[in-house]
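Asker: Residue numbers (numbering that gives the first Met the number 0), protein chains in the order written: chain A, 0 to 544; chain S, 0 to 322.
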Amino acid sequence: MNRDLAPANYLSEGAWPRAWLLTTDHKRVAWLYLVSLTAFFFLGGAFAVLMRIELATPAGDLVSDDVYNRLFSLHGIIMVWFFLVPSIPATLGNFLLPLMIGARDLAFPRLNLASWYVFMFGSLFALASVLLGGVDTGWTFYTPLSTLYANGFVSTAAFGVFIVGFSTIMTGINFIVTVHTLRAPGLTWFRLPIFVWTLYATSLVMVLATPVLAASLILIVLERVFGIGIFNPDLGGDPLLFQHLFWFYSHPAVYIMILPGMGVVSEVLPCFSRRPLFGYKAVALASMAIAVFGFLVWGHHMFVSGQSAYAGVVFSFLSFCVAIPSAIKVFNWSLTLRKGEISFETPMLYALFFLALFTFGGLAGLFLAALAVDVHVHDTYFVVAHFHYIMVGGMVTAYMAGLHFWWPKLTGRMYSEIWGRIAAAVTFIGFNLTFFPQYVLGFLGMPRRYHTYPPEFAFWHILSSAGAVVLAIGYLMPLLYLAWSLFRGARAPDNPWQATGLEWQTSSPPPAHNFDRMPTVTRPAYDYPMKGLTEKRSDPVEDLV
Amino acid sequence: MSFGIRFFPPEASSIASSIDALFYTLLAFAAALGLFLTVLVVGYAVKYRVGSAADRTGARARSLPLEMTWSIASLVMAFIFFGWGAVLFVRRDHPPPDAIEIAGLGKQWMWEFRHSGGQREINELHVPVGKAVVVSLASQDVIHSFYVPAFRVKQDAVPGRTTNVWFIATEPGRYHLFCAEYCGTQHSEMGGWVTVLAPEQYASWLGSQDEGESLAASGGKLFRALGCSGCHGNSSKVRAPGLDGIFGRPVALANRQTVIADERYLRDSILVPNKEIAAGYQPVMPSFDGLVDEAELQMLMAYLKSLSFQFPSFPAANSEAPQ
Chain A
0 MNRDLAPANY LSEGAWPRAW LLTTDHKRVA WLYLVSLTAF FFLGGAFAVL
50 MRIELATPAG DLVSDDVYNR LFSLHGIIMV WFFLVPSIPA TLGNFLLPLM
100 IGARDLAFPR LNLASWYVFM FGSLFALASV LLGGVDTGWT FYTPLSTLYA
150 NGFVSTAAFG VFIVGFSTIM TGINFIVTVH TLRAPGLTWF RLPIFVWTLY
200 ATSLVMVLAT PVLAASLILI VLERVFGIGI FNPDLGGDPL LFQHLFWFYS
250 HPAVYIMILP GMGVVSEVLP CFSRRPLFGY KAVALASMAI AVFGFLVWGH
300 HMFVSGQSAY AGVVFSFLSF CVAIPSAIKV FNWSLTLRKG EISFETPMLY
350 ALFFLALFTF GGLAGLFLAA LAVDVHVHDT YFVVAHFHYI MVGGMVTAYM
400 AGLHFWWPKL TGRMYSEIWG RIAAAVTFIG FNLTFFPQYV LGFLGMPRRY
450 HTYPPEFAFW HILSSAGAVV LAIGYLMPLL YLAWSLFRGA RAPDNPWQAT
500 GLEWQTSSPP PAHNFDRMPT VTRPAYDYPM KGLTEKRSDP VEDLV
Chain S
0 MSFGIRFFPP EASSIASSID ALFYTLLAFA AALGLFLTVL VVGYAVKYRV
50 GSAADRTGAR ARSLPLEMTW SIASLVMAFI FFGWGAVLFV RRDHPPPDAI
100 EIAGLGKQWM WEFRHSGGQR EINELHVPVG KAVVVSLASQ DVIHSFYVPA
150 FRVKQDAVPG RTTNVWFIAT EPGRYHLFCA EYCGTQHSEM GGWVTVLAPE
200 QYASWLGSQD EGESLAASGG KLFRALGCSG CHGNSSKVRA PGLDGIFGRP
250 VALANRQTVI ADERYLRDSI LVPNKEIAAG YQPVMPSFDG LVDEAELQML
300 MAYLKSLSFQ FPSFPAANSE APQ
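Listed below in structure tokens is the structure:
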């Protein structure tokens, strides 16, 4: 890296590999995660592209059914546990949390490094299961298929996910303790940036939900390897018990994945609107409400599973309730733009695309929460489209927004703005072309996880496959121009976007100890100077009733 | 016309149009709200772009009345859609009493259906138009899901339990039958067609099939072959509960609870007999787990249900019980 003009910073000290692989600097651990997660993202993405090519024709002509089943299983397992769950928290969160609260590091720097090694150890098992021949259970590991009938390397993959869970718990504990104990003087809870609030809410869910996933995966391995009857009815078990345990983790996990994305967007929209976030306190509390209500809705994955109709009614009601905090956030983000001075740099484009895609994914959630409609569209492409709008259209788009927003801080370099805008637009078009047709397919009755399909669905599948190619290009472009900027990008100023937030008060890239002088906070978050402000800018701390 | 591009699935059952009404209402709501937000955000983005001359006085960072308004409005809309969806959903639990019963068995990777007259079909299901049909579902191996998009019905077939799905087909024709729950290698091949026939065609179809004996009669034979009749027969020496009219009847248990003798109870009583002991009887019945497969359980179930309608005399089958 060309460091001719840069002052001493966290990137310049020590030599590869020791100074990186044994680092306890949260900023370097963030890079370790960033590199590993990027590799997993493109591996999981490659599986998806192969699937979409197969689905371009109704017949199974590219790969066999067993290979196809392994492609979607590994795509799901890798994308959920080896990319989405750690994505924003372990990379941007790791890098930014101490900087945003004015701390020198996380509360437990060595635990932070250990979490990456645990993650890599777990990922070895996942990669081993890929190389040995794959898994064909779907990412959901439903029993008794996974325990008795599947012939792939189920135990290896499940064990990998089990291990990675510990890395998630370590990160969660570290973040919770850090937010509680290391905030700078004057940085009260209601002065925290929303990104910190969402990392906190996510960490709570990580710590409380992940052990349940660990328990259910261990039970799978026990039944599969030792024949202990837990889920298999022939041994006195109950297959639905697994679904209850699995979704008790995996529905909250959906919020692990989306909450940090909401946090990123809550930073980017005010910055490029030159406005405070509208309804700051409502957005902060809505994040906590999502984390709490997220634990009470798991049964909406089981409306047609044989679960009692009355359980279905209760879970439907609670699922509608969890939609409300998300709706509140969408309104607040939209109103943030009002009377601002809006500019459209790359992070802002991604944030606006997040707003659109998250909204259209969330509205589809209403269809799925409505019981009678869910009976028809459950386990069809409608569900696939819904969660890809939230997870990819929402979370990955927010991740791209955050990566571009903080890239100058991470690297001390600017990327090509024009290429950034083009990539954002290509991603948006490719995404909608890929996944909007899947809503139609689902309504038509096309079941998910099908290797072949009746020819009448072909039109929408072809559109979707074409979109996947465009989407893949949209994701490959940043890989190239961001890598290029590392070596050739212009030097970044300390605060290229004139953003508020403590992370912008230190140099780009920051020194190893983050701040030369520890900051003191006297103002609320998003303290952007507004033209024509009629009210006195209230500090939420003062008007806590 | 539509150039072969489909936008809507066919509506071919009595509930399809009411479910589509909710679907299209949700679609209209989503489109309206989505359009409103799009116009709002794009409008702001254009009007308040940097350097524009728009008036920015009166900017606010919070507004309690506005925030309360959209929170309560969201809540009201959520409750409306919840209630609507739930009312349509609970009908699933209440099939019409005069429904035709068909036993459906999922196994890797086919659907097997047996009609009450003994007619058997694989990956094909023939039903009459305008008549309620209950398919009682079981699985031989993993979880499958019975899905007929044109009927808007779906129900998982779960190993170890019986589930039911019912529908009234309204349009003669052939409709896709899918397995909607991923079930292993040939999941996408597991399916076929539901053929809806006019009543007279259905009658002639039933007649043209190689019917064999009725499902209940096969169950009766099995009842004797497995030795059930030795204890449960009327004149049996071993004291065991009589099964006359058992289905749907309340049963007093030794633990002072009372259960309805539904499919779940009868199934458990065959496979796990010590789980719920009928009051006044010794727990001496052995488990038949592993001795009967799912298809045989469905025959036994059909036989036990048939006993309900022949009260008070036992069917001929039982007169042969050992004395």
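A virtual CB, placed ideally from N, CA and C, is assigned to each residue, including glycine. What you are looking at is a predicted structure, and each value in this text was computed from that prediction instead of being measured.
According to DSSP, simplified to helix, strand and coil, what is P174(S)?
Answerer: Before going further, note that residue 174(S) is Tyr rather than Pro in the sequence given. Three-state result, Y174(S): strand.
Asker: For a test of the three-state rule: what should DSSP assign to L10(A), helix, strand or coil?
Answerer: coil
Asker: Check whether the Cβ atoms of V163(A) and G121(A) lie closer than 8 Å to each other.
Answerer: yes
Asker: Note down, in chain order, each residue of its chain lying with its Cβ closer than 7 Å to the Cβ of M445(A), except the 5 sequence neighbours on either side.
Answerer: T379, Y380, Y452 and F456
Asker: Starting from K26(A) and walking both ways along the alpha helix (DSSP H), at which residues does that stretch end?
Answerer: H25 to E53
Asker: Looking at the secondary structure, which residues open and close the beta strand (DSSP E) in which R5(S) lies?
Answerer: Looking at the DSSP string, R5(S) is not in any beta strand (DSSP E), and its letter there is neither H nor E.
Asker: Assuming G183(S) and Q107(S) form a contact by the criterion Cβ under 8 Å, report the distance between their Cβ atoms to the nearest whole angstrom.
Answerer: 5 Å
Asker: At which residues does the beta strand (DSSP E) containing K106(S) begin and terminate?
Answerer: Looking at the DSSP string, the run of the beta strand (DSSP E) that includes K106(S) is I99 to K106.
Asker: Counting only Cβ pairs nearer than 8 Å, list the residues of chain S close to V329(A).
Answerer: L36
Asker: Counting contacts by CB-CB distance shorter than 8 Å, is Y264(S) in contact with chain A?
Answerer: no
Asker: So what does P272(S) bridge to, in DSSP terms?
Answerer: DSSP lists no partner for P272(S).
Asker: May I ask you to list, following chain order, the residues of the stretch 57-84 of chain S that have a beta carbon less than 8 Å from some beta carbon of chain A?
Answerer: G57, A58, R59, A60, R61, S62, L65, E66, W69, S70, S73, L74, A77, F78, F80, F81, W83 and G84
Asker: DSSP on P454(A), reduced to helix/strand/coil?
Answerer: helix
Asker: Taking one C-beta from the stretch 244-253 of chain A and one from the stretch 292-302 of chain A each time, how about it: are there three or more such pairs within less than 8 Å?
Answerer: Taking 8 Å as the limit for Cβ pairs, the verdict is that the stretch 292-302 of chain A does touch the stretch 244-253 of chain A.
Asker: Less than 8 Å between CB atoms is the rule here; does K106(S) satisfy it with respect to chain A?
Answerer: no
Asker: Determine, for E541(A), whether the minimum Cβ-Cβ distance to residues of chain S falls below 8 Å.
Answerer: Confidence at E541(A) is low in this model, with a pLDDT of 40, below 50, so its placement is unreliable and the value that follows should be read with caution. So no, E541(A) is outside the interface.
Asker: Listing by chain order, which chain S residues have their CB less than 7 Å from the CB of H387(A)?
Answerer: What H387(A) touches in chain S: nothing, since even the nearest Cβ is about 17 Å away.
Asker: List the residues of chain A whose Cβ lies closer than 9 Å to the Cβ of I167(S), in chain order.
Answerer: Within chain A, no residue has its CB atom less than 9 Å from the CB of I167(S), the nearest being about 15 Å off.
Asker: At the level of alpha carbons, what is the spacing between N1(A) and G92(A)?
Answerer: Any reading at N1(A) needs caution, since the residue's pLDDT is 46, under 50, leaving its predicted position unreliable; the model's value is listed next. Distance between the alpha carbons of N1(A) and G92(A) is about 26 Å.
Asker: With 7 Å as the C-beta to C-beta threshold (strictly closer), list the residues of the stretch 154-165 of chain S near chain A in chain order.
Answerer: Q154, D155, V157, P158, G159, R160 and T162
Asker: Going by C-alpha distance, which of P148(S), D261(S), T194(S) and G57(S) is nearest M300(S)?
Answerer: D261(S)
Asker: Any idea if F78(S) is buried or exposed, counting beta-carbon neighbours within 10 angstroms, 16 or more meaning buried?
Answerer: exposed
Asker: Spell out whether any CB of chain A is found under 8 Å from the CB atom of Y201(S).
Answerer: no
Asker: Please return the same chain residues whose Cβ sits closer than 7 Å to the Cβ of L478(A), not counting the five positions on each side in sequence.
Answerer: Around L478(A): no qualifying Cβ.
Asker: Rounded to the nearest angstrom, what separates V193(S) and I269(S) at their Cα positions?
Answerer: 32 Å
Asker: V283(S) CB to nearest chain A CB: under 8 Å?
Answerer: no
Asker: Rounding to the nearest angstrom, what Cα-Cα distance links R330(A) and L36(S) in this structure?
Answerer: First, the residue type needs correcting, since residue 330(A) is Phe and not Arg in the sequence shown. Cα to Cα, F330(A) sits roughly 8 Å from L36(S).
Asker: Pop quiz: F88(S) and G311(A) are said to be a contact at Cβ under 8 Å. What is the actual Cβ separation, rounded to whole angstroms?
Answerer: 6 Å
Asker: Count Cβ pairs between the stretch 308-323 of chain A and the stretch 16-26 of chain S that sit closer than 8 Å; are there 3 or more?
Answerer: no
Asker: Can you pull the chain A neighbours of C182(S), defined as C-beta to C-beta under 8 Å?
Answerer: L144
Asker: Looking at C-alpha atoms only, which residue of A281(A), V176(A) and S272(A) is the closest neighbour of S70(S)?
Answerer: A281(A)
Asker: Go to T257(S), then tell me how far its beta strand (DSSP E) extends in each direction, as first and last residue.
Answerer: Per DSSP, T257(S) belongs to the beta strand (DSSP E) from T257 to I259.
Asker: What's the call for R61(S), buried or exposed, on a 16-neighbour Cβ count within 10 Å?
Answerer: A residue is called buried when at least 16 other Cβ atoms come within 10 angstroms of its Cβ; R61(S) meets this threshold and is buried.
Asker: Any idea what DSSP makes of N111(A), helix, strand or coil?
Answerer: When secondary structure is reduced to three states using DSSP, N111(A) falls in the helix class.
Asker: Closer than 9 Å by beta-carbon distance: list the chain S residues that pair up with I323(A), in chain order.
Answerer: S70, S73, L74 and A77
Asker: Do we get a CB-CB distance below 8 Å when we pair Y452(A) with the residues of chain S?
Answerer: Interface residue, yes.
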